[in-house]
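Each protein sequence line maps, in turn, to chains D and S. Quick note on our numbering: the first sequence kicks off at 3 and runs consecutively. Quick note on our numbering: the second sequence kicks off at 3 and runs consecutively. Even for Gly, the Cβ is constructed at its ideal location relative to N, Cα and C. Written out below as structure tokens is the structure these notes cover.
2 protein chains.
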Amino acid sequence: MNKISDKPLATQVAEEIRRLIRANKLVSGQRLSEQRLCERLGVSRTPLREALRILSAEGLVTISPNKGARVAESSIEDTFYMFEAMGVLEGSCARLAAERLTDTDLEKMESLHEQLETAHRNADPESYMSWNREFHEFVQEKAGNPVLGRIVSGLRDVILLHRYRQIYRPGRFDESMEEHRRLIEAFRARDSERAERLMQTHLQKQCQALVTYYAEKGKEVVYPGD
Amino acid sequence: MNKISDKPLATQVAEEIRRLIRANKLVSGQRLSEQRLCERLGVSRTPLREALRILSAEGLVTISPNKGARVAESSIEDTFYMFEAMGVLEGSCARLAAERLTDTDLEKMESLHEQLETAHRNADPESYMSWNREFHEFVQEKAGNPVLGRIVSGLRDVILLHRYRQIYRPGRFDESMEEHRRLIEAFRARDSERAERLMQTHLQKQCQALVTYYAEKGKEVVYPGD
DNA sequence: TTCCAACGGTTTGTATACAATATAATGCAT
DNA sequence: ATGCATTATATTGTATACAAACCGTTGGAA
Numbered sequence: 003m004n005k006i007s008d009k010p011l012a013t014q015v016a017e018e019i020r021r022l023i024r025a026n027k028l029v030s031g032q033r034l035s036e037q038r039l040c041e042r043l044g045v046s047r048t049p050l051r052e053a054l055r056i057l058s059a060e061g062l063v064t065i066s067p068n069k070g071a072r073v074a075e076s077s078i079e080d081t082f083y084m085f086e087a088m089g090v091l092e093g094s095c096a097r098l099a100a101e102r103l104t105d106t107d108l109e110k111m112e113s114l115h116e117q118l119e120t121a122h123r124n125a126d127p128e129s130y131m132s133w134n135r136e137f138h139e140f141v142q143e144k145a146g147n148p149v150l151g152r153i154v155s156g157l158r159d160v161i162l163l164h165r166y167r168q169i170y171r172p173g174r175f176d177e178s179m180e181e182h183r184r185l186i187e188a189f190r191a192r193d194s195e196r197a198e199r200l201m202q203t204h205l206q207k208q209c210q211a212l213v214t215y216y217a218e219k220g221k222e223v224v225y226p227g228d
Numbered sequence: 003m004n005k006i007s008d009k010p011l012a013t014q015v016a017e018e019i020r021r022l023i024r025a026n027k028l029v030s031g032q033r034l035s036e037q038r039l040c041e042r043l044g045v046s047r048t049p050l051r052e053a054l055r056i057l058s059a060e061g062l063v064t065i066s067p068n069k070g071a072r073v074a075e076s077s078i079e080d081t082f083y084m085f086e087a088m089g090v091l092e093g094s095c096a097r098l099a100a101e102r103l104t105d106t107d108l109e110k111m112e113s114l115h116e117q118l119e120t121a122h123r124n125a126d127p128e129s130y131m132s133w134n135r136e137f138h139e140f141v142q143e144k145a146g147n148p149v150l151g152r153i154v155s156g157l158r159d160v161i162l163l164h165r166y167r168q169i170y171r172p173g174r175f176d177e178s179m180e181e182h183r184r185l186i187e188a189f190r191a192r193d194s195e196r197a198e199r200l201m202q203t204h205l206q207k208q209c210q211a212l213v214t215y216y217a218e219k220g221k222e223v224v225y226p227g228d
């Protein structure tokens, strides 16, 4: 832990754990032992506990009384609800952004889109998802509502792993690229209603791919021959 | 603090502080001294600090390093953003609810609406706002998406004070009642698009009333003769 | 009189100790 | 061998102590 920083340790620890979750170093459902985390991060239990409270309020971590904390996990049902909510939120961000984009903004968006096309041509889903995230964050920023932005960012952290998994579904990569092509067209035309609708569809498609993935994963676990 | 409860103290303290804020016993911008709160709630500093972290992550409280916590406050600009975001969220809840309402649900909603009419006839804004809150929470529940519900509830707590103030604006009480009459009609017709639009308008009107209120309040403060 | 530095008191941030709860291991009875 | 009760260990929840930072007051210098 960086002692030079002016941020309280609790805040820094929360950020670090967030980072570890994002990097898949801490996975959904994983136990978060206070002892072990304290050793790992080199802090005492007090700021670590405060950090876990922060992350719990954000939904990244669940704390069960007397049993400790785990990285949050979701049922298929939860996944559906999260994507439905995210569709509403990101759809609105897309609508507001399409209404508020400057020419400079659009150039930047075109450039981000071009990076997506490059990653797609190179058949590189990791790079694609990285630029995908930047594109979505750009839309969110250009929506110009920091409150919406904060809500979306919070929910994004919770569903991030899901998003990564869906891109590896057969055909999903190509489909996602196609959705983004339609999206950028709506933004070029500053057609806010179309942008909203297409963004919502984009999220729904992600959700469908994931629900299929989890259903099959469930089946694989259940079969005795597996 | 109730020792019989199975919840950790931190959780209980967070709930109690939330309650105090809702009851206007702790007001926007107010300093939250750890010492004083510990005495007031009869707990030690550790669960109190954890509680403040929870509330800070929710946006109800702001914590400045080495300076302590305050009940969150908003600029006029923030107020606008919050209502815009809430319009998106509650609009979507209204849409989903209109799609998903059973006949029994609609009866309950009618009954809640009738309470609003009664409070309006009695010229009782406090009762009106209390039933108003129940009506909105019912819509949110009937939207059937717990993730959306959690986001909306969180944001509602942050903007609650604003909502209370707007109803006291001249003409706003009558206007709000009229908006609710149109809303219930959209629900009766299960017209989801109309429900969404009307709900968004309802939130926009609240926002306008508040921006006017704060602008005038700002002026009052500034005038030397005041 | 005003401004700045030093000092003391207060409050926040973190570490550590103690208490309570959960879990694992061991021993005994069937 | 298995199941249950008891004991030991590990972990979480809370209280308390210590350190660091902030703020207000006072005194001295300009």
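Between R55 of chain D and R20 of chain S, the C-beta spacing is not below 8 Å. Any Cβ of chain D closer than 8 Å to the Cβ of P172 of chain S would place that residue at the interface, and such an atom is absent. Secondary structure remark: continuous alpha helix (DSSP H) runs of at least 4 residues inside the segment 22–50 of chain D, in chain order: 36–43.
Using a 10 angstroms sphere on the CB of N147 of chain D, the tally of other CB atoms reaches 16 or more, which defines it as buried. The CB of P148 of chain S comes closer than 7 Å to the CB of Y83 in chain D, given here in chain order. Scanning S:R42, S:L200 and S:K144 for the CA closest to the CA of R102 of chain S turns up S:K144.
Between the segment 56–74 of chain S and the segment 31–40 of chain S there are three or more inter-stretch CB-CB distances shorter than 8 Å, so the stretches are counted as touching. Looking at the DSSP output, S66 of chain D bridges to D:G70. Proximity of chain S to D8 of chain D at the Cβ level (cut-off 9 Å) is accounted for by P67 and N68, in chain order. The beta-carbon of E86 of chain D is placed less than 8 Å from the nearest beta-carbon of chain S. Under the criterion of beta carbons closer than 8 Å, L157 of chain D and A87 of chain S do not qualify as touching, at roughly 12 Å. Between the C-alpha atoms of H115 of chain D and N124 of chain D there is a straight-line separation of about 14 Å. Contact of R199 of chain D with chain S is not assigned, every C-beta pair being separated by 8 Å or more.
Around the beta carbon of Y130 of chain S, 16 or more other beta carbons sit within 10 angstroms, so the residue counts as buried.
Residue nearest to P49 of chain D within the set D:F82, D:E17, D:A191 and D:N26 is D:E17 (criterion: CA-CA distance). Cβ-Cβ distances below 7 Å link V160 of chain S to G61, L62, A74 and M84 in the same chain, with the five nearest sequence neighbours on each side left out; the list follows chain order. Per DSSP, L103 of chain S is not a residue of any alpha helix (DSSP H), being assigned neither H nor E. Inclusion of T81 of chain S and L212 of chain S in the CB contact set at 8 Å is warranted, their separation being smaller than that value.
If you check each beta-carbon in the segment 130–163 of chain D against every beta-carbon of chain S, the ones closer than 7 Å belong to N147, P148, V149, L150 and I153. Here the segment 164–182 of chain D does not lie against the segment 107–114 of chain D, with fewer than 3 beta-carbon pairs under 8 Å apart. Counted as a single uninterrupted DSSP element, the alpha helix (DSSP H) harbouring P127 of chain D occupies residues P127 to K144. The CB of I78 of chain S never comes closer than 7 Å to any CB in chain D; the least such distance is about 13 Å. Selection S:L162, S:Y215, S:D193 and S:K207 evaluated against V29 of chain S yields S:L162 as nearest (Cα-Cα). When the beta-carbon positions are compared, R97 of chain S and E198 of chain S come within less than 8 Å of each other. For R184 of chain D, the enclosing alpha helix (DSSP H) begins and ends at R174 to R190. Going by beta carbons, G89 of chain S and Q206 of chain S fall inside the 8 Å limit.
Collapsing the DSSP output to three states places R171 of chain D in coil. Across the set S:Q142, S:R152, S:H182 and S:H138, the C-alpha of S:H182 shows the shortest separation from the C-alpha of T120 of chain S. When Cβ-Cβ separations below 8 Å define contact, A12 of chain S makes contact with chain D. In the three-state reduction of the DSSP assignment, S76 of chain S falls in the coil class, being assigned neither a helical nor a strand state. Here the alpha carbon of T203 of chain D sits roughly 41 Å from the alpha carbon of V15 of chain S.
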